Amino acid sequence: MALLGLGSAITEFICDVLYAGTLGRALGRLQRRVFAAVLRRDVASLQGTGTGAVTARVTGDVEATHAAVSEALSLLLWYLARGAFLLATMAWLSPRLAFVTLLSLPVLLLLPRAVGKVQQGLSRQVQEALAGATEVAVETFQAMATVRSFAHEAGATERYHQRLRRVYRLEGKDAATYAATLWASGFSALGLKLGLLCYGGQLVAAGTITTGDLVTFLIYQMQFTEAVEVLLRYYPNMTKAVGSSEKIFEFLDQEEQVTPAGTLAPDVLQGHLQLEDVWFSYPGHQEPVLKGLSLELRPGEVLAVVAPPGAGKSTLVSLVLCLRPPGAGRVLLDGHPLPAYQHPFLRCQVAAVPQEPVLFSRSLHANIAYGPGGWSRAQVTVAARRAGAHAFITRLPQGYDTEVGELGGQLSGGQRQGVAIARALVRNPRVLILDEPTSALDAESQLQVEQEIFGASRAGHAAGWRTGGDKRDTGKEGEGQQELAMGTPRDSDIMS
């Protein structure tokens, strides 16, 4: 008996370890898949979803599913098997009493199931409300300087509290339905016990079963009822997991609708960029931002786009980077539509430097070498020299290994722009897009960067390279305008 108990304990331990390990790996793969799905979705879809909702899908919903499944699934499986065994034993002892027990199961199961559906819907609403609260928090933290500068801490806090109050209300309803489920199951089980005791007494009096069989049956029935109660107790937790997982799989199903990646990756790319009758409008806006735009850039040419704010310069950048599809028309690179190229290949051939560059919380070397290229320290250093960033990097105590902090917060605006320019140049792109990238640099640094990228003959003459504040290159009609430059470097302009 002692050996049997020891063997049972060891077996249970091994099963628990295997169960926990398998579940952890499965849910870990799910979280990685959701994160990868986010990165594969198009920019327009992500902006429509919202940062908070995406964060909730990647972290909150997966964690809620993990918590519910890890706690409830093993108990549900165990008590389901135990309940089936007890029911078979009860049927062997007294088929009549077992039949009465089975007749009561619809009452024990259907009522909690109906309440569970209500709770499942509430769980979905709770997850959506949490996503809204997360979105407010992320938005506020990202714009902390703006919140402080306008002394709007109280307003931001109140807005977050409003979202939380909705979460609390929904969680209160969720708790009430959970309590109603437990009350209904407990009351039904008590009624079943009283009914079996009365009917069993009649069977004993009639001599159909013995008193010992009745006592044994009632003991098994109590254990069976306990198993059913455990199933009913943890069933709502599983419905919560289902509610959370539905949001996850809806997200994954949307990801599957993304246009398949292209296959082109030619050994030689000229960098001949064409836009043919391109139209584009944002969802929910009837007025197109771009109306029949056509332009052509041959290798070695530089195009300056000068337009007031809101005229579509950033939209044009998104189209050339293949971040958004045009509503009509085509964007061609060497005669092929941009989506026809392999994603990593296209990102190395078409690079952009935004006006407000985003850096990642890692070293300067890792930020400049960001991407699938695997660029060496020598290549990173050459790119930093061309971008005018090498000087300030070498003055730092750890040089290229210096951590830049979250979103590059440890660097100044001009330093971030220099790193962003180097990050674009290290790729040797065939198409380079510059959206006022030197707006935070002084005039001397601007001229140095111009000479490095465009050459001495072009420095100061590429109007699109100037910032909106430099009216000398834009003339009278350029006042109040913002500028964008796109170039397709010649072979002599590309770094070796």
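Using the UniProt record's numbering, the first residue of the sequence shown is number 1, and each one after it goes up by one. Virtual Cβ for every residue (Gly too), placed ideally from N, Cα, C. For clarity, every value in this text was computed on a predicted model and none was experimentally measured.
Excluding five sequence neighbours on each side, which residues of the same chain lie with their C-beta closer than 6 Å to the C-beta of Q223? Hits under 6 Å: L86.
Taking C-beta to C-beta, are R163 and G121 nearer than 8 Å? In this structure, G121 does not lie closer than 8 Å to R163 by Cβ.
Sort out for me which residues DSSP pairs F280 with in a bridge. L290.
Count the other C-beta atoms from every protein chain shown that fall within 10 angstroms of the C-beta of T11, then say buried if there are 16 or more, exposed otherwise. Under this definition T11 is an exposed residue.
Extent of the continuous alpha helix (DSSP H) run through R395: First-last of the alpha helix (DSSP H) with R395: 390-395.
Who are S363's beta bridge partners in DSSP? Its beta-bridge partners are E403.
Using CA coordinates, which residue listed in F360, F392, P354, V426 is at the minimum distance from G374? Comparing alpha-carbon positions, the option among F360, F392, P354, V426 lying closest to G374 turns out to be V426.
In its own chain, which residues sit with a C-beta less than 8 Å from the C-beta of E171, not counting the 5 before and 5 after it? V126.
Just to confirm, are L293 and L273 a CB contact at a threshold of 8 Å? Going by C-beta atoms, L293 is not nearer than 8 Å to L273.
As assigned by DSSP and simplified to three states, the class of A369: DSSP places A369 in coil when its eight states are reduced to three.
Hey, could you find the ends of the beta strand (DSSP E) R330 is sitting in? For R330, the uninterrupted beta strand (DSSP E) segment begins and ends at 328-333.
Just to check my reading of the structure: residue 543 and F392 have Cβ atoms closer than 8 Å, yes? What is that Cβ distance to the nearest angstrom? Outside the modelled stretch of the chain, which goes from 1 to 496, sits residue 543, for which no answer is possible.
CA-CA distance, L196 and L218? Between the alpha carbons of L196 and L218 lies a gap of roughly 8 Å.
Do you know how far the Cα of L76 is from the Cα of Y234? Answer to the nearest angstrom: the Cα atoms are 7 Å apart.
According to DSSP, which residues form a beta bridge with P337? Under DSSP, P337 takes part in a beta bridge, and its partners are L332.
Could you give the distance in angstroms between the alpha-carbon of Q355 and the alpha-carbon of G408? Between Q355 and G408, the C-alpha separation is close to 14 Å.
Residue from H152, A129, A383 whose Cα sits closest to the Cα of T140: Taking T140 as reference, the option from H152, A129, A383 with the minimal CA-CA separation is H152.
When DSSP labels each residue in this structure, what does V268 get in the three-state scheme? Coil.
Less than 8 Å between the beta carbons of L295 and L303, yes or no? In this structure, L303 lies closer than 8 Å to L295 by Cβ.
Residue environment, Y341, which counts as buried when at least 16 other CB atoms sit within 10 Å: Buried, since its Cβ has 16 or more Cβ neighbours within 10 Å.
Please report how far the alpha carbon of K193 lies from the alpha carbon of A26, in whole angstroms. If I take the Cα positions, the gap works out to 41 Å.
For the putative contact between A98 and A91, defined by C-beta atoms under 8 Å, what is the C-beta separation to the nearest angstrom? So it is a contact: roughly 4 Å between Cβ atoms.
Which of the three DSSP states is assigned to I10 in this structure? The DSSP-derived three-state label of I10 is helix.
Curious, which full-length beta strand (DSSP E) runs of at least 3 residues does the stretch 121-159 contain? Here no run is fully enclosed.
For Q446 and R423, what's the separation of their Cα atoms in angstroms? In a straight line, the C-alpha of Q446 is about 17 Å away from that of R423.
Compare the Cα-Cα distances from P344 to each of L434, Y370, V317 and report the closest residue. Looking at the Cα atoms, Y370 is the closest of the given residues.
State the Cα-Cα distance for the pair G207 and W183, rounded to the nearest angstrom. Here the alpha carbons of W183 and G207 stand approximately 36 Å from one another.
Could you work out which residue in P339, P372, F360, P429 is closest to A383 when comparing CA atoms only? Comparing Cα-Cα distances from A383 to each of P339, P372, F360, P429, the minimum goes to P429.
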